[in-house]
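Residue numbers (the numbering used here), protein chains in the order written: chain Y, 596 to 971; chain D, 596 to 971; chain C, 24 to 420; chain L, 24 to 420.
Think of the CB as a built atom: it goes at the ideal place given N, C-alpha and C, for glycine as much as any other residue.
It should be emphasised that the depicted structure is a prediction, and the values quoted were computed from it without experimental measurement.
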Amino acid sequence: MDFTHSDDRRMLADMAARFVREKYTIEKRHEFAASDEGFSREIWAEFAELGLIGAMFGEDVGGFGGSGFDLAVVFEELGKGLVVEPMLANLVAGKLIEYAGGPEQKLLLDKVIGGETLISFAHSEPDSHYDLAHVATRAEKTEKGYRLTGHKSAVLNGDSADLLIVSARISGNVDDEDGIALFLVNPRADGVSIRGCPTVDGGRVGDIALDGVEISDKVMLGDGTDCFAHIEKATAAGIVAISAEALGAMQVATEMTLEYLKTRKQFGVIIGRFQVLQHRYAEMLIEIEQVRSSLINAAGQLDGGRELREWNVSALKNLVGRVGHLVAEECIQMHGGIGMTWEYALPHFAKRLTMIDHQFGDEDYHIERVIALSAV
Amino acid sequence: MDFTHSDDRRMLADMAARFVREKYTIEKRHEFAASDEGFSREIWAEFAELGLIGAMFGEDVGGFGGSGFDLAVVFEELGKGLVVEPMLANLVAGKLIEYAGGPEQKLLLDKVIGGETLISFAHSEPDSHYDLAHVATRAEKTEKGYRLTGHKSAVLNGDSADLLIVSARISGNVDDEDGIALFLVNPRADGVSIRGCPTVDGGRVGDIALDGVEISDKVMLGDGTDCFAHIEKATAAGIVAISAEALGAMQVATEMTLEYLKTRKQFGVIIGRFQVLQHRYAEMLIEIEQVRSSLINAAGQLDGGRELREWNVSALKNLVGRVGHLVAEECIQMHGGIGMTWEYALPHFAKRLTMIDHQFGDEDYHIERVIALSAV
Amino acid sequence: MDLNYNEEELAFRKEVQDFLAEKLPKRIADKVKNLQRLTKEDMVEWHGLLNDRGWLASGWPKEHGGADFNAVQKNIFEEEACKAGAPRVVPFGVGMLAPVLMAFGSDAQCAHYLPRILDGTDWWCQGYSEPGAGSDLASLKTSAKREGDHYIVNGQKTWTTLGQHADWIFCLVRTSTEGKPQQGISFLLIDMATPGIEVRPIILLDGEHEVNEIFFDDVKVPVGNLVGEENKGWTYAKYLLTHERTGTAGIGFSTEGLEQLKRIAKLQKKSGRPLAQDPYFAARMAKIEIDLAALRTTNLRVLQDAMSGAASPVDASMMKVKGTVIRQAINDLARRALGPHALPFVSEALDAGYNEPPIGPDYANPIASDYFNNRKLSIFAGSNEIQKNIISKLSGL
Amino acid sequence: MDLNYNEEELAFRKEVQDFLAEKLPKRIADKVKNLQRLTKEDMVEWHGLLNDRGWLASGWPKEHGGADFNAVQKNIFEEEACKAGAPRVVPFGVGMLAPVLMAFGSDAQCAHYLPRILDGTDWWCQGYSEPGAGSDLASLKTSAKREGDHYIVNGQKTWTTLGQHADWIFCLVRTSTEGKPQQGISFLLIDMATPGIEVRPIILLDGEHEVNEIFFDDVKVPVGNLVGEENKGWTYAKYLLTHERTGTAGIGFSTEGLEQLKRIAKLQKKSGRPLAQDPYFAARMAKIEIDLAALRTTNLRVLQDAMSGAASPVDASMMKVKGTVIRQAINDLARRALGPHALPFVSEALDAGYNEPPIGPDYANPIASDYFNNRKLSIFAGSNEIQKNIISKLSGL
């Protein structure tokens with residue numbers, strides 16, 4: 596048993612931390628978020644150069660890490676800066692290629708790791724809620740390959756991706772785990788139309804219509820079978836990453852709150868002297884430690900067997916949902932009016948923490964999943 | 596719209612309040628609870644004389660009230676004294692006779708109101724949890740009447756009742772609402788065996804085995820049909836009563852806590868000066884006001900149509916479950932060690948508040964019921 | 024004890040319903056129901072329609088042109104107005120300044136300002152909070168120094184809601200630094216067109232411009248604009264705070280919010296069935312519905328007490344806390360209900376005239392933003408922490 | 024980062040398991056698992072068996088006859104002991120007095136008292152709390168006046184756990200009223216057989232006799248029974264409090280409690296199916312299981328820090344709060360799970376030898392009572408409020 600990180604991983608974490616601290620002010624972040632693509636291509640190129648993208652993937656596909664703890668340390672630092680670059684989108688889509696792709700397809704990851712190709716996983720649909728097996732998009736067999744018809748929604752950075760991984764059903768009913776295939780789709784192909792849109796917490800999503808998109812056999816990821824298992828596992832990686840991001844954001848939010856409590860006066864007294872705020876602050880700290888432990892549990896199981904992995908991942912996401920909500924609401928409340936203003940950084944952390952519950956399944960979705968996985 | 600009680604009902608409430616205040620010390624209460632029957636026959640006779648039992652029933656069956664608000668004002672005062680006399684048992688069983696009984700059977704209520712006959716409703720069974728329709732006890736038709744076989748558990752004051760109302764199934768499956776009949780059973784009849792037992796909060800329950808009890812046709816309550824509806828309505832009356840009891844207990848518990856907070860010193864300071872305790876105290880008060888309002892809502896619908904009645908009754912019991920739990924745990928915690936001691940009255944109020952959630956359905960049972968009733 | 028409205032009250036409710044059905048412009052009601060932005064013109068238009076009916080100043084006595092509603096009538100009006108999607112009456116002139124003028128202002132002030140509030144000539148805003156004085160109002164620093172027939176005002180106010188539209192501001196200013204902080208405060212009326220006043224927008228976390236900072240740099244205010252006596256402003260403000268507290272529970276908003284939430288939960292799907300049938304989500308909704316049903320009755324009880332003069336300030340604080348907790352919980356659930364659809368947010372779609380098709384369900388766009396905006400409910404108008412201080416104090420702690 | 028135990032640790036776990044399987048009397052384990060009462064004899068017997076193996080004093084150095092377990096070993100031992108149903112080692116002598124003696128006592132005191140703790144000659148209890156001094160320990164009033172070779176002790180101690188069995192008590196007493204309250208406190212060892220000592224039971228809310236009041240009326244204590252220096256007792260007590268705080272999370276108890284809860288939830292029925300399948304109850308259990316899984320890892324992290332000397336007192340306070348919240352929540356759910364069966368309570372059934380058939384399911388009788396008893400967890404050993412004060416203070420507030 597050892598809870599210390601290896602030297603390599605500590606260096607990785609330090610590098611990400613330094614980059615965020617030195618180059619990623621909240622003003623810049625807002626500027627990037629408000630741009631057309633919703634992020635900075637230059638920053639993305641720097642991520643590639645620093646090896647941060649590569650740290651998301653295994654050595655067999657040209658990466659420099661790829662374990663749960665690599666994801667965790669990098670995303671924790673990204674969370675501290677509210678980084679808007681499309682790391683999460685590229686991680687999840689990249690993991691699908693890593694897990695499911697054929698040898699030639701895996702070569703695509705070189706360009707992803709190099710920052711040249713942006714990818715995203717177009718999976719969620721208007722009626723999916725958080726159900727990973729819900730795929731109504733159809734892939735009909737044609738002479739040359741397949742024809743895709745369907746509607747993908749809230750696709751992370753789907754409006755700036757150079758390549759989409761699209762899930763579509765080759766057989767079965769709309770909620771079946773079986774029968775889902777993955778396809779590499781050019782977003783500029785005929786029949787693909789994408790509407791980009793900002794998100795309430797500073798990100799970007801794409802709404803993607805697939806209107807009889809003709810694709811060849813070759814763009815099917817892997818051999819087309821067992822794709823649900825790959826989707827589940829890539830989502831698990833996404834959950835570890837986004838939970839680490841949440842942990843980073845929680846720490847900054849509580850640190851800002853601590854500073855505020857120590858300086859702001861009311862009725863002639865530093866408000867940090869009010870016992871109610873002290874206790875509520877302490878309660879947040881306790882829960883954040885819990886999140887850190889839960890993140891360790893899930894990151895450590897990411898490459899393990901399905902049941903342990905999924906139990907720990909869903910446990911983590913449930914806890915992050917609960918604690919993120921607490922920290923977001925409490926930090927705003929403890930700040931009072933100033934915590935409600937755009938100009939101040941705190942509410943942006945609170946917004947991100949809140950909206951993380953809307954990605955990869957919320958607190959209720961994951962408690963149900965933990966129950967189902969416990970019953971096994 | 597008028598939230599003031601009539602003069603008559605105010606007098607009833609005052610009388611109950613005075614009785615509890617003047618005659619029902621906590622020491623006496625413990626003494627009654629520790630006695631063989633778990634209550635005082637003398638006190639019961641006084642209740643009868645004061646008309647408190649009669650206040651539970653309508654004038655057509657010889658009572659002097661019987662509305663939801665009559666129940667509410669009396670039980671609120673009983674709750675303030677942690678009264679252990681079998682008012683609840685006689686209320687619910689008596690309501691069944693009032694609702695379902697034939698003209699002759701209703702005459703039985705004279706003796707109940709007079710305090711001469713104690714009655715109780717033997718309904719719950721080992722696997723019932725809180726499901727009112729769960730009746731596995733069978734009533735088989737015989738030549739002379741019926742033969743009852745089954746097991747009733749946690750029957751309120753079932754060990755001291757002079758007459759039991761037993762639910763048994765004449766048709767249908769174990770969880771069906773249809774097919775349940777009610778029978779007036781002499782607890783000393785052949786085949787009835789009763790084990791009395793104290794409850795953790797100072798009451799008494801009976802565990803009743805019915806081993807082929809032969810009864811005549813005449814002891815079937817009413818005409819034997821529609822009994823589930825009567826059971827539901829009598830239970831609603833029980834819920835209004837026990838919730839009012841909870842409201843009374845909550846008030847005493849918080850008043851004792853207020854007194855303690857105002858006198859106890861720690862670190863040289865009256866602990867009521869600690870803001871954390873102030874806020875937690877305020878939060879209890881807010882919730883107790885909510886309970887009072889919810890009680891008004893349910894009491895006002897008790898004689899109304901089924902859907903409004905049951906929605907409001909289940910809403911009330913859910914809220915009482917939540918708030919009772921909060922008040923019980925918080926009042927003990929805010930007292931510290933002294934709140935853990937038998938000698939002090941507070942923990943007995945906390946125990947009763949906690950265990951009220953175990954009667955007539957707990958918080959979870961009633962939230963499910965509210966959902967089902969809202970969907971109608 | 025009678026939980027039913029009497030015939031008079033029912034007739035009044037019918038009257039309100041008829042009025043709203045006839046007069047409330049559908050264009051405006053649609054904006055309110057779809058959580059879109061209201062323009063100043065929308066608000067002024069609605070005020071005008073209410074005033075034509077004599078109902079703009081619902082609490083004023085009739086001699087000043089008010090409706091003189093009692094507490095139950097006010098509550099009925101609020102319920103029906105929320106249900107119909109009527110905009111909230113902007114309270115600063117009608118509900119906040121006017122009661123102070125009637126109680127403490129001169130006859131001349133009443134005669135001048137009250138009609139102008141009713142007919143929409145003056146849009147008022149409130150100058151209480153300052154950067155260093157939020158919940159601790161008495162520590163305010165904006166100064167008014169007497170020079171001849173004028174006060175010279177210097178300082179800064181903040182959180183001034185809808186101040187960008189205002190013609191006038193009523194301010195608490197410091198006219199003396201002697202004695203306790205409360206003792207040197209005066210209540211001053213200031214024309215926003217006076218030189219030296221600058222209004223700067225504060226953008227809230229949801230990107231909306233709803234509150235402002237107002238800077239005063241040697242602003243000359245005629246002494247005639249003082250309300251009541253100099254250095255007695257704190258008393259007037261406290262009077263106003265009590266006045267402001269009735270109806271802070273926002274039952275009408277919560278009721279409408281819950282109805283909207285239920286509609287959303289029926290339309291959103293989870294595992295192929297309506298989210299409303301998901302046991303966890305259904306339980307979250309049911310708990311709030313139970314709490315709101317109880318609070319609705321608590322509110323009516325408090326209103327009855329208020330009408331008989333028995334209302335306690337502790338009631339107002341309790342209603343504020345529980346009312347905002349419930350309203351925020353409804354906002355929270357609406358956001359949760361959307362699942363991934365809570366993410367996209369197109370600010371322009373909040374304006375009337377936006378014609379692009381929605382991204383996601385047509386009700387989704389403003390929901391998350393509204394949740395964030397309404398975090399203010401537990402902060403502004405006396406934070407819930409302050410209210411709990413008050414409750415415990417008045418209860419004997 | 025490695026979440027697995029190493030081979031050495033696994034081997035140790037096996038050793039503990041084997042020992043428990045072989046030596047822990049089934050009669051005693053059954054009592055523990057069924058929440059029945061343990062007699063003094065049961066506890067003494069188990070202490071003896073542990074001491075035979077050299078494991079009674081798990082934290083003592085070997086030279087004093089201890090096991091010298093490191094933090095991870097202690098944790099493994101606790102986990103396995105809880106799982107097997109071993110009684111908790113009564114901590115007053117082994118875990119509380121002994122560390123103080125070793126750190127501050129004389130060699131003679133160590134040589135005399137430590138072996139008697141190990142072999143069970145002396146049963147110790149703790150005399151800290153007083154009626155007016157609970158969490159605020161420094162305000163204690165029990166006085167010890169020096170008269171020749173003795174102290175004359177007068178006063179009252181309370182909440183003395185298992186004091187009814189004790190041969191000796193270690194006390195904090197006031198030897199001076201000069202200076203700050205903390206400065207005049209001394210640490211004194213008192214033979215319970217000394218004239219002038221009276222032990223009165225305190226019955227807790229569940230009817231159990233577990234704590235006591237102890238009265239001292241001119242009790243003569245030889246000066247040789249003073250530990251360390253006069254008026255330095257506060258320092259020793261604080262040392263002890265730090266010592267006491269490791270392992271306050273009660274992970275082992277919670278783990279076993281959760282297992283028991285799951286068994287009950289499978290056996291109890293709701294609407295004809297196991298309660299464990301009820302979505303609401305299942306969610307309550309799952310949330311606690313998630314929290315406990317996280318706390319288990321937090322605990323291991325803290326233990327690792329403790330072994331490398333990096334543990335912070337804030338960790339101990341966090342573990343205390345979250346650990347007791349989880350443990351109490353498990354008790355709460357077990358009670359809820361029983362439905363109406365939580366009501367009956369036959370106190371006699373808690374004693375071995377009770378032969379009546381149970382009323383309700385055989386696991387039901389002690390559950391509600393145990394829930395009430397364990398409300399103490401958040402009160403005793405530094406209330407959770409005190410812990411939160413500490414956390415916020417150490418975090419910079």
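Checklist entry - Going by C-alpha distance, which of Y:A831, Y:R624, Y:G653 is nearest W906 of chain Y? => result Y:A831
Next on the checklist: If contacts are defined as beta-carbon pairs under 8 Å, then V669 of chain D and A650 of chain D qualify, I think. What distance do you get, rounded to the angstrom?
Outcome noted: With a Cβ gap of about 6 Å, V669 of chain D and A650 of chain D count as contacting.
Item to check | Continuous beta strand (DSSP E) stretch holding T178 of chain C: start and end | outcome: Correcting the residue type first, residue 178 of chain C is Gly in the shown sequence and not Thr. Start and end: 173-180.
Checklist entry - chain D beta carbons: is any one of them nearer than 8 Å to that of F869 of chain Y? => result yes
Next on the checklist: Strictly below 7 Å CB to CB, what residues from chain D border D159 of chain L?
Outcome noted: By Cβ distance, chain D contributes Q861, F862.
Checklist entry - With a Cβ-Cβ cutoff of 8 Å, do S162 of chain L and G155 of chain L count as a contact? => result yes
Item to check | Own chain, CB closer than 8 Å to H232 of chain C, minus 5 neighbours either side, in chain order | outcome: For H232 of chain C, where only same-chain residues beyond five positions count, the Cβ hits under 8 Å are Q187, P224, I225, I226.
Next on the checklist: Can you find the residues in the same chain that come closer than 6 Å, C-beta to C-beta, to Y939 of chain D, ignoring five residues on each side of it along the sequence?
Outcome noted: Closer than 6 Å at Cβ, skipping near neighbours: I933.
Checklist entry - Can you list, in chain order, the residues of its chain whose CB lies under 7 Å from that of V800 of chain Y, leaving out five sequence neighbours each side? => result A749, V750, L751, G753, C792, T794
Item to check | Segment limits, beta strand (DSSP E) that includes R764 of chain Y | outcome: Run containing R764 of chain Y: 758-764, per the beta strand (DSSP E) assignment.
Checklist entry - Of the residues that make up the segment 722-735 of chain D, which ones have a beta carbon closer than 8 Å to any beta carbon in chain L? => result D722, S723, H724, Y725, D726, H729
Checklist entry - Would you report the Cα separation of F869 of chain Y and G867 of chain D, rounded to the nearest angstrom? => result Their Cα atoms are separated by approximately 14 Å.
Checklist entry - Using the C-alpha atoms, what's the distance from M66 of chain C back to I140 of chain C? => result 13 Å
Checklist entry - What does A884 of chain D touch in chain C if you count any residue whose Cβ is under 7 Å from its own? => result Before going on, a small fix: residue 884 of chain D reads as Glu here, not Ala. Correct list: T321, M341.
Checklist entry - Which value, in whole angstroms, describes the spacing of the CA atoms of Y725 of chain D and Y259 of chain C? => result Cα to Cα, Y725 of chain D sits roughly 56 Å from Y259 of chain C.
Checklist entry - Among C:T165, C:D75, C:G280, C:K97, which residue has its Cα nearest to the Cα of V242 of chain C? => result C:T165
Checklist entry - Can the beta-carbon of I353 of chain C be found less than 8 Å from the beta-carbon of L400 of chain C? => result no
Checklist entry - Quick one: Cα of A387 of chain L to Cα of S335 of chain L, how far? => result 40 Å
Next on the checklist: Do G843 of chain D and G674 of chain D count as a contact pair if the criterion is CB distance below 8 Å?
Outcome noted: yes
Checklist entry - Using a Cβ-Cβ cut-off of 8 Å (strictly less than) and excluding sequence neighbours within five positions of N57 of chain L, which residues of its own chain qualify? => result Short of 8 Å from the beta carbon of N57 of chain L, and not among the five residues preceding or following it, lie these beta carbons of its own chain, in chain order: Y386, P389.
Checklist entry - For G219 of chain C versus F239 of chain C, is the C-beta spacing smaller than 8 Å? => result yes
Next on the checklist: Count Cβ pairs between the segment 849-863 of chain D and the segment 271-289 of chain C that sit closer than 8 Å; are there 3 or more?
Outcome noted: No, the segment 849-863 of chain D does not touch the segment 271-289 of chain C.
Checklist entry - So which residues on chain L does F598 of chain Y lean against when the C-beta distance must stay under 9 Å? => result Chain-ordered, the chain L residues with CB closer than 9 Å to the CB of F598 of chain Y read M24, D25, L26, T320, L323, R324, Q327, D328.
Item to check | Proximity test, E884 of chain Y beta-carbon vs the ligand HEM heavy atom, cut-off 7 Å | outcome: You won't find the ligand HEM in this model; it holds no ligand whatsoever.
Checklist entry - Going by the CB atoms, is the gap between V787 of chain Y and V814 of chain Y shorter than 8 Å? => result no
Checklist entry - Nearest to G976 of chain Y by alpha carbon, out of Y:A784, Y:R947, Y:A763? => result Look at the range of chain Y in this structure, 596 to 971, and you will see that residue 976 of chain Y is not part of it.
Next on the checklist: Give me the DSSP bridge partner(s) of A804 of chain Y.
Outcome noted: Y:H746, Y:S788
Checklist entry - Would you call Y377 of chain C buried or exposed, if buried means 16 or more other Cβ atoms sit within 10 Å of its Cβ? => result With fewer than 16 Cβ atoms within 10 Å of its Cβ, Y377 of chain C is classed as exposed.
Checklist entry - What number of angstroms, rounded off, separates the C-alpha of K739 of chain Y from the C-alpha of V369 of chain C? => result 39 Å
Next on the checklist: Counting only Cβ pairs nearer than 9 Å, list the residues of chain C close to C926 of chain Y.
Outcome noted: The premise fails here: C926 of chain Y is roughly 10 Å from chain C at the closest Cβ pair, so nothing lies under 9 Å.
Checklist entry - So what does F716 of chain Y bridge to, in DSSP terms? => result Y:I760
Next on the checklist: For D812 of chain Y, report the span of its alpha helix (DSSP H) as first-last.
Outcome noted: Premise fails: D812 of chain Y is in no alpha helix (DSSP H) and is neither H nor E.
Checklist entry - Any idea what DSSP makes of D665 of chain Y, helix, strand or coil? => result helix
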